[in-house]
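Residue numbers (the numbering used here): 271 to 781.
Shown next, in structure tokens, is the structure this report addresses.
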């Protein structure tokens with residue numbers, strides 16, 4: 271069987287928990303071929319993972335970078351594109367009938383897919399036509415007769431461009447259309463013809479799976495390690511765009527995620543927390559199957575003796591979503607109670623994250639603890655990072671089902687974690703869980719464990735037992751094998767009965 275595994279910004283071009291999960295999945299199912307479809311920035315990113323032998327292809331889908339071709343719409347397809355793009359905009363701006371708008375969005379998106387397969391969608395999106403259509407649509411929301419609320423040529427006089435209700439500008443329209451052009455690029459790529467499409471995130475990656483489902487009836491699986499829409503809201507909140515651009519962009523993400531939940535043959539979140547979010551966002555509870563991340567117990571034996579110096583250990587990528595600032599502030603409070611304590615931070619800084627890493631180092635310096643906060647960088651064996659601390663800390667503001675946590679648990683270390691995503695599901699009563707962005711609570715929990723070796727030992731033993739029972743890689747891989755084979759068999763049966771649109775690949779094609 272061939273499985274198309276669709277990623278965005280992760281495997282095989284970067285390290286991190288999602289990439290670990292993807293590599294485990296591919297290596298754990300050598301009887302299947304995997305086509306990796308990677309949504310990337312420019313297509314020039316280096317591959318940092320050694321691809322297993324059962325990876326039959328690596329298809330890149332660059333979302334940014336210049337695209338060659340004319341920036342105009344052929345006369346033969348101008349009215350077709352105008353109709354589809356206007357329908358898309360109306361579905362994004364309509365707040366009166368949610369269900370009708372969602373149906374209209376799906377129709378427009380599928381129409382744009384067919385357009386993209388026959389014409390140059392990128393050229394159409396880069397023409398002036400979509401900007402004109404968006405300005406016209408916005409004018410209906412900001413009537414021209416109100417002199418304070420109309421499409422203006424620039425934003426120099428707008429007092430607060432981040433406030434909802436502020437009038438959009440032509441510059442906003444240009445920015446919003448540019449974002450949509452990049453978002454729609456996957457629709458122009460050749461349609462993957464695999465037995466199953468498995469998207470390891472919601473959002474733009476799902477466009478690859480929807481294209482295959484529309485074309486061939488290919489079963490679609492969506493797995494979210496973190497809730498894509500929630501993380502997009504957090505990302506957009508920090509973005510420099512004005513409110514009208516943010517609102518349109520988030521409407522597109524919201525409609526796309528909702529469509530993915532409804533179109534997927536199976537939604538397979540990494541934890542029950544995600545499953546609850548997905549149900550609220552439109553997924554059918556009967557169509558959800560939670561599959562927890564797993565680790566290889568052989569790779570994470572008991573960590574052994576603790577360091578003599580009271581030490582907190584953290585592992586992950588240096589990124590704002592990991593909220594190292596709260597960790598550093600908490601550690602400053604820990605030092606007031608335990609003057610000899612140290613904090614060791616293990617993990618690399620992704621491209622574009624250097625400013626945040628420096629901000630964290632500057633914070634440690636401002637707090638007078640720079641000499642006892644060590645930024646260790648990447649470590650060859652991640653288990654060494656867990657062994658380096660008496661307590662392993664997770665400080666994120668958003669997570670799915672974090673590998674660092676279940677790896678630390680498998681290693682038998684006591685943990686202090688923020689209550690985000692599936693963290694509480696993982697920890698249960700084998701560690702301490704505190705509110706996110708709360709340095710005081712985190713500090714109190716760390717101090718209590720650093721001062722109580724007996725409790726650390728109890729937590730560590732219980733955590734390892736729980737991880738070995740519930741969170742092993744063999745358990746996760748076996749579940750996905752059953753999912754893949756079950757979906758293929760069901761799809762073949764439905765095609766034979768005429769109840770599934772599209773066709774399945776023949777055995778000759780598969781061979």
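All C-beta atoms in this analysis are idealised placements derived from N, C-alpha and C, irrespective of residue type, glycine included.
Range covered by the alpha helix (DSSP H) that runs through residue i
i	result
residue 581	Looking at the DSSP string, residue 581 is not in any alpha helix (DSSP H); the run it does join, the beta strand (DSSP E), is 581 to 585.
residue 534	Note, residue 534: premise wrong, no alpha helix (DSSP H); not H, not E.
residue 594	594 to 607
residue 621	No alpha helix (DSSP H) contains residue 621, which DSSP labels as neither H nor E.
residue 341	First-last for residue 341: undefined, no H or E at that position.
residue 498	498 to 508
residue 670	From DSSP, residue 670 is part of no alpha helix (DSSP H); its letter is neither H nor E.
residue 698	Per DSSP, residue 698 belongs to no alpha helix (DSSP H) and is neither H nor E.
residue 463	From DSSP, residue 463 is part of no alpha helix (DSSP H); its letter is neither H nor E.
residue 351	348 to 363
residue 550	542 to 550
residue 406	399 to 411
residue 293	287 to 298
Residue i vs residue j beta-carbon contact at 8 Å
i	j	result
residue 663	residue 584	yes
residue 444	residue 401	yes
residue 669	residue 693	yes
residue 688	residue 718	no
residue 294	residue 743	yes
residue 272	residue 305	yes
residue 653	residue 741	no
residue 395	residue 454	yes
residue 710	residue 603	yes
residue 452	residue 754	no
residue 404	residue 358	no
residue 706	residue 566	no
residue 671	residue 511	no
residue 661	residue 655	no
residue 475	residue 309	yes
residue 675	residue 686	no
residue 411	residue 363	yes
residue 499	residue 524	yes
residue 341	residue 397	yes
residue 529	residue 559	no
residue 378	residue 354	yes
residue 577	residue 684	no
residue 307	residue 462	yes
residue 588	residue 619	yes
residue 325	residue 758	no
residue 596	residue 712	yes
Cross-strand partners of residue i (DSSP beta bridge)
i	result
residue 272	303
residue 469	276, 492
residue 616	585, 647
residue 676	Paired residues: none, contrary to the question.
residue 558	537
residue 664	687
residue 310	332
residue 256	Since the first and last residues shown for the chain are 271 and 781, residue 256 lies out of range.
residue 763	In the DSSP output, where bridge partners are listed per residue, residue 763 has none listed.
Opening and closing residue of the beta strand (DSSP E) in which residue i lies
i	result
residue 647	643 to 647
residue 702	702 to 704
residue 329	325 to 332
residue 684	684 to 688
Nearest-angstrom Cβ-Cβ length linking residue i and residue j, presumed shorter than 8 Å
i	j	result
residue 283	residue 331	Actually they do not touch by this definition, with Cβ atoms about 12 Å apart.
residue 277	residue 470	5 Å
residue 591	residue 633	Their Cβ separation, rounded to whole angstroms, is 17 Å, which puts residue 591 and residue 633 out of contact at 8 Å.
residue 456	residue 478	5 Å
residue 573	residue 682	6 Å
residue 526	residue 473	6 Å
residue 311	residue 333	6 Å
residue 673	residue 287	4 Å
residue 726	residue 698	The pair is not a contact, with the Cβ atoms about 17 Å apart (cut-off 8 Å).
residue 383	residue 481	6 Å
residue 680	residue 738	7 Å
residue 352	residue 399	6 Å
Residue i at chain C interface by Cβ criterion, 8 Å
i	result
residue 392	Considering every chain present, this structure includes no chain C. It has just one protein chain.
### Query
Using 8 Å as the Cβ pair cut-off and three pairs as the minimum, do the segment 500 to 510 and the segment 434 to 451 touch?
no
### Query
Given 8 Å as the limit, is there contact between the segment 747 to 767 and the segment 484 to 498, that is, 3 or more CB pairs closer than that?
yes
### Message
Between the segment 599 to 617 and the segment 638 to 648, can you find at least three pairs of beta-carbon atoms closer than 8 Å?
### Response
yes
### Message
When you compare the segment 726 to 740 with the segment 618 to 628, are there three or more beta-carbon pairs, one atom per stretch, that lie closer than 8 Å?
### Response
no
### contact_flag[the segment 534 to 549, the segment 507 to 525] where n(CB pairs < 8 Å) is 3 or more
no
### Message
Tell me whether the segment 572 to 583 and the segment 548 to 559 touch, counting them as touching only if at least three CB pairs, one residue from each stretch, are closer than 8 Å.
### Response
no
### Message
Within 8 Å, do at least three Cβ pairs link the segment 494 to 501 to the segment 343 to 354?
### Response
no
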